[in-house]
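**Student:** Sharing a structure below in structure tokens format, with a few things to ask.
2 protein chains.
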Amino acid sequence: MGSGKILVAQGGGPTAVINQSLVGVALEARRFRDVTRVYGALHGVRGIVDEEFVDLTRETSHNLELVAATPSSALGSTRDKPDDKYCAEIFNVLRAHEIEHFFYIGGNDSSDTVRIVSEQARAAGYPLRAIHIPKTIDNDLVGSDHTPGFPSAARFVAQAFAGANLDNAALPGVYVGVVMGRHAGFLTAAAALGKKFPDDGPHLVYLPERTFSIEAFLADVKAIHERHGRCVVAVSEGIHDASGKPIATLLAREVEKDAHGNVQLSGTGALADLLCDEIKAKLGIKRVRGDTFGYLQRSFIGCVSDVDQREAREVGEKAVQYAFWGDRDGSVAIRRTGFYSADYALLPLSDVAGKTRTMEDEFIAPSGTDVTDAFRLYLRPLLGSGMPDAFRLRCARVAKILKP
Amino acid sequence: MGSGKILVAQGGGPTAVINQSLVGVALEARRFRDVTRVYGALHGVRGIVDEEFVDLTRETSHNLELVAATPSSALGSTRDKPDDKYCAEIFNVLRAHEIEHFFYIGGNDSSDTVRIVSEQARAAGYPLRAIHIPKTIDNDLVGSDHTPGFPSAARFVAQAFAGANLDNAALPGVYVGVVMGRHAGFLTAAAALGKKFPDDGPHLVYLPERTFSIEAFLADVKAIHERHGRCVVAVSEGIHDASGKPIATLLAREVEKDAHGNVQLSGTGALADLLCDEIKAKLGIKRVRGDTFGYLQRSFIGCVSDVDQREAREVGEKAVQYAFWGDRDGSVAIRRTGFYSADYALLPLSDVAGKTRTMEDEFIAPSGTDVTDAFRLYLRPLLGSGMPDAFRLRCARVAKILKP
Chain A
1 MGSGKILVAQ GGGPTAVINQ SLVGVALEAR RFRDVTRVYG ALHGVRGIVD
51 EEFVDLTRET SHNLELVAAT PSSALGSTRD KPDDKYCAEI FNVLRAHEIE
101 HFFYIGGNDS SDTVRIVSEQ ARAAGYPLRA IHIPKTIDND LVGSDHTPGF
151 PSAARFVAQA FAGANLDNAA LPGVYVGVVM GRHAGFLTAA AALGKKFPDD
201 GPHLVYLPER TFSIEAFLAD VKAIHERHGR CVVAVSEGIH DASGKPIATL
251 LAREVEKDAH GNVQLSGTGA LADLLCDEIK AKLGIKRVRG DTFGYLQRSF
301 IGCVSDVDQR EAREVGEKAV QYAFWGDRDG SVAIRRTGFY SADYALLPLS
351 DVAGKTRTME DEFIAPSGTD VTDAFRLYLR PLLGSGMPDA FRLRCARVAK
401 ILKP
Chain B
1 MGSGKILVAQ GGGPTAVINQ SLVGVALEAR RFRDVTRVYG ALHGVRGIVD
51 EEFVDLTRET SHNLELVAAT PSSALGSTRD KPDDKYCAEI FNVLRAHEIE
101 HFFYIGGNDS SDTVRIVSEQ ARAAGYPLRA IHIPKTIDND LVGSDHTPGF
151 PSAARFVAQA FAGANLDNAA LPGVYVGVVM GRHAGFLTAA AALGKKFPDD
201 GPHLVYLPER TFSIEAFLAD VKAIHERHGR CVVAVSEGIH DASGKPIATL
251 LAREVEKDAH GNVQLSGTGA LADLLCDEIK AKLGIKRVRG DTFGYLQRSF
301 IGCVSDVDQR EAREVGEKAV QYAFWGDRDG SVAIRRTGFY SADYALLPLS
351 DVAGKTRTME DEFIAPSGTD VTDAFRLYLR PLLGSGMPDA FRLRCARVAK
401 ILKP
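Below, the structure written as structure tokens:
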């Protein structure tokens, strides 16, 4: 063991439980006698190259617990994706500070960052142990049953659709809710868990795993509206046509891309408005409302899965254990071992980095606009305890007198 | 006392606690020996003219309690506003069913409906006791300290901004959240209760009580962004220019109006997108995101103020007591009697109907883009118990080595 200094950082989009993983690292690391300092880099890899570190060892464990329960990245995040030059800068800083253990909490892109840093360190002969700690509301990491952050976001989406369904039942019409998820439909599919009675919405769920056609969409909405007098629709922001072109880009608005080349889909209500305008124009339905859940679904304070909280904490703790008791770099993965129980494994970084999991076929109904019971069984335990429930009146109709 | 039949209905936009009032009426009414039947009209006044009644007396009290805790109007709602002809139809139905007590749970427009029905009944010599039970997330009824439904929606907005602020701190930029509220800014102002530390957002709050100017808005955002490196903005959907024209209608999109002549403002992300586009174009800030809270804020299941729940229940109970032990029609109002305690009063319908309360000047900071401590003191107890709290790291910076 060298200096005993470890570094932890958070990358990518924040989640409701990402600080559980941070605090899991910080508190578990201090149980190892070789650890002298736990540094946190501000705003991910950007904070490493800028030497923007805080000393988490100087935090009280009490405040760390309070921060753990607070959503969004307490250290700040970044969308930077290091290339070779960027990584060379990272090594210079790690060397200068004698840091030999690096923990990066993030999703797809962050796991790729860890892989590059790990490979560059090996090539440079620098003794770095680099561990990727999973986090993404998209649930799109391969090798994991699910990813920390997804269950809480899924809980928000399920609760939002449970409420939107009740609202739509009171004032009938068409309601379109647009949910985050570029390539993977898991979060959009979570809308189905907001449904209780057979005639409840969401009646239609559109996932990026299936090709989206405006014509088929309008026919589906028309059929549901004729049957129920109303229609609640869950749509992924990532829906695309047969050529793979996002439906959101069918609009005239300019397209914004991030450092990873991803088209910006969130933070605008354009897709919901486009779909609502189509329904009004082509189906002649008057009351059509669209909501884009946007950033609420990943950072809402006070809608968190307790299962998600404890697992996010554990992946942080396990990462430290793998780093100090193991002999290789890797990515921490969640495995399902019971209904419901989880355990953890360390996967090779190359098995996870840059790969995207999408919804398995067994989770998507043959219609393409609903989920299966397999998906409901998969997701329900992750949503945690205390899920609010919806009840309805079931009393008898009174006989009409004037117009019987 | 006549037939002993009473009728209750729900009008206008649903809230998270509107069924508490419904169940308050249903259960309290059965304690009066003269009451033989408690009917509920489906979809408000529309259900009365269509004779669409259910017999709430045939509900179990257990299920009524479960429905009370479920958001959105369990009987269904309507946007219909009865005129003279409509009211004549209502009387025919009430007469035919020998209903002599009418309770209507709703907001501004619903209180006006009760006033019309009450006056028409008196003119027609029909012995009707009509009581308006307050409900609106807009908090815009005159004569009440606040209205049931507002505290729970305010809690959602405060929690949403607390989370959005954390998200924006992690990935800095400009965030614009658009909140419901056509004429009254109370719900938008609730965003300020999501703020904890002095540099937290929302940094700017735009209310319909003040004239909105795009130029002043851009200057405000620029100043905050330069000071904090980020900016979180709360905007009411009802913001308007000096002529009173809604900013939302500056867009090319066609304008939809309801039966009350109100321009449709919710259910579209257009206003947020307009403001974000202006910020990107005029200020050159790259990361600009807009969310429109839409229907989530009034029907989200699982984000309810316990204070709101109990008051919504009590206005329903008090309405029945006023009806049977009082001698006049009226509108139930909430009065604040302590910090915090509430009591109830019955106001003349003409004091409430068709009038709109807006935010008092003492609640709005002189800058016009913030609330006062008087507003914070006003709102905080209404949000109820168990409000989630946000914590941050406060540990020491590590000295730089390479670039000290």
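Chains as they are written, first to last, in the UniProt record's numbering: chain A, 1 to 404; chain B, 1 to 404. Glycine is no exception: its CB is placed at the ideal position from the N, C-alpha and C atoms.
1) Exposed or buried, glycine 290 of chain A, counting other C-beta atoms within 10 Å across all chains shown (16 or more means buried)?
2) Does the beta-carbon distance from isoleucine 137 of chain A to phenylalanine 103 of chain A come in below 7 Å?
3) Please specify which runs of the alpha helix (DSSP H), each continuous and at least 4 residues long, are wholly inside the region 3-54 of chain A, giving them in chain order.
4) So the candidates are A:Gly11, A:Leu27 and A:Glu98; which of them puts its Cα closest to the Cα of alanine 319 of chain A?
5) Using the Cβ count rule (16 or more neighbours within 10 Å means buried), how would you classify lysine 195 of chain B?
6) Can you check which of these residues, B:Leu283, B:Glu209 and B:Gly386, is closest to threonine 369 of chain B by C-alpha distance?
7) Output, in chain order, the set of chain A residues within a Cβ distance shorter than 8 Å of alanine 184 of chain B.
8) Using 8 Å as the Cβ pair cut-off and three pairs as the minimum, do the region 84-94 of chain B and the region 274-287 of chain B touch?
9) State the Cα-Cα distance for the pair residue 405 of chain A and glycine 185 of chain A, rounded to the nearest angstrom.
10) If you draw a straight line from the C-alpha of aspartate 351 of chain A to the C-alpha of glycine 181 of chain B, how long is it?
11) Going by DSSP in three states, aspartate 343 of chain B sits in which element: helix, strand or coil?
12) What are the residues of the region 231-255 of chain B that lie near chain C, defined by any Cβ-Cβ distance shorter than 7 Å?
13) Which residue or residues does DSSP assign as beta-bridge partners of isoleucine 133 of chain A?
14) My output table needs one value for glutamate 59 of chain A: the three-state DSSP class, helix, strand or coil.
15) For histidine 97 of chain A, go through chain B and note every residue whose CB falls closer than 8 Å to its CB, in chain order.
16) Can you tell me which of the three DSSP states aspartate 291 of chain A falls into?
17) Give me the chain B residues within the contact set of serine 299 of chain A, using Cβ-Cβ distance strictly less than 8 Å, ordered along the chain.
18) What alpha helix (DSSP H) runs, 4 residues minimum, are completely inside the region 197-248 of chain B?
19) From the DSSP output, read off the bridge partner residues of serine 331 of chain B.
20) Taking cysteine 87 of chain A as the query, report the chain B residues whose CB atoms sit under 7 Å from its CB, ordered along the chain.
21) Classify glycine 315 of chain A as helix, strand or coil using the three-state DSSP reduction.
22) State yes or no: is the beta carbon of alanine 353 of chain B nearer than 7 Å to at least one beta carbon in chain A?
23) Return helix, strand or coil for glycine 338 of chain A, following the three-state DSSP convention.
24) Should arginine 210 of chain B be counted as a contact of the ligand GDP given a C-beta to heavy atom distance under 6 Å?
25) According to a CB-to-CB cut-off of less than 7 Å, which residues of the region 114-127 of chain B neighbour chain A?
26) Among A:Ser341, A:Glu100, A:Ile214 and A:Ser299, which has the Cα closest to the Cα of proline 71 of chain A?
27) In angstroms with no decimal places, state the Cα-to-Cα distance between leucine 218 of chain A and glycine 354 of chain B.
28) Determine which residues of the region 50-72 of chain B have a Cβ less than 7 Å from any Cβ of chain A, and write them out in chain order.
29) What's the call for leucine 187 of chain B, buried or exposed, on a 16-neighbour Cβ count within 10 Å?
30) Compare the C-beta of alanine 74 of chain A with all C-beta atoms of chain B and state if any pair is closer than 7 Å.
31) Would you mind giving the Cβ-Cβ distance between serine 61 of chain A and aspartate 308 of chain A, rounded to the nearest angstrom? I have them listed as a contact below 8 Å.
32) Looking only at C-alpha atoms, which of B:Arg328, B:Thr356 and B:Asp80 sits nearest to alanine 345 of chain B?
33) What did DSSP end up calling glutamate 98 of chain B once you bin it into helix, strand or coil?
34) May I ask you to report which of helix, strand or coil DSSP gives tyrosine 86 of chain B?
35) Distance check for threonine 268 of chain B and arginine 253 of chain B, CA to CA, integer angstroms please.
36) As a quick exercise: from B:Asp145, B:Ile214 and B:Cys231, pick the residue whose alpha carbon is nearest that of serine 242 of chain B.
**Tutor:** According to the structure shown:
1) buried
2) no
3) 18-29 and 44-49
4) A:Leu27
5) buried
6) B:Glu209
7) None at all; the shortest Cβ gap to chain A is about 20 Å.
8) no
9) One cannot answer for residue 405 of chain A here, as it falls past the ends of chain A, which runs 1 to 404.
10) 50 Å
11) strand
12) Of the protein chains in this structure, namely A and B, none is chain C.
13) A:Ile105
14) coil
15) Proximity of chain B to histidine 97 of chain A at the Cβ level (cut-off 8 Å) is accounted for by Val398 and Ile401, in chain order.
16) strand
17) Residues of chain B passing the Cβ test: Gly163, Ala164, Leu166 and Asp167.
18) Here the runs fully enclosed are 214-228.
19) B:His132 and B:Leu347
20) What cysteine 87 of chain A touches in chain B: nothing, since even the nearest Cβ is about 15 Å away.
21) Looking at the sequence itself, residue 315 of chain A is valine, so the reference to glycine does not match. Residue state, collapsed to three classes: helix.
22) no
23) The three-state secondary structure of glycine 338 of chain A, taken from DSSP, is strand.
24) Inclusion of the ligand GDP in the displayed structure is not the case, the ligand content being empty and no account of it being possible.
25) Legend: CB atoms of the region 114-127 of chain B lying less than 7 Å from CB atoms of chain A are not found in any residue.
26) For proline 71 of chain A, the closest C-alpha among the options A:Ser341, A:Glu100, A:Ile214 and A:Ser299 is that of A:Ser299.
27) 39 Å
28) Against chain A - using a Cβ distance shorter than 7 Å - the residues of the region 50-72 of chain B are Glu51, Phe53, Val54, Asp55, Leu56, Arg58, Glu59, Asn63, Leu66, Val67, Thr70, Pro71 and Ser72.
29) That one is buried.
30) yes
31) Their Cβ separation, rounded to whole angstroms, is 22 Å, which puts serine 61 of chain A and aspartate 308 of chain A out of contact at 8 Å.
32) B:Arg328
33) Coil at glutamate 98 of chain B, not helix or strand.
34) helix
35) Residue confidence is low: arginine 253 of chain B scores 49 on pLDDT, short of 50, so the model does not pin down where it sits. Its coordinate-derived value is still stated next. If you take the alpha carbons of arginine 253 of chain B and threonine 268 of chain B, they lie about 10 Å apart.
36) According to the sequence shown, residue 242 of chain B is alanine rather than serine. Selected option, being the one with the closest Cα: B:Ile214.
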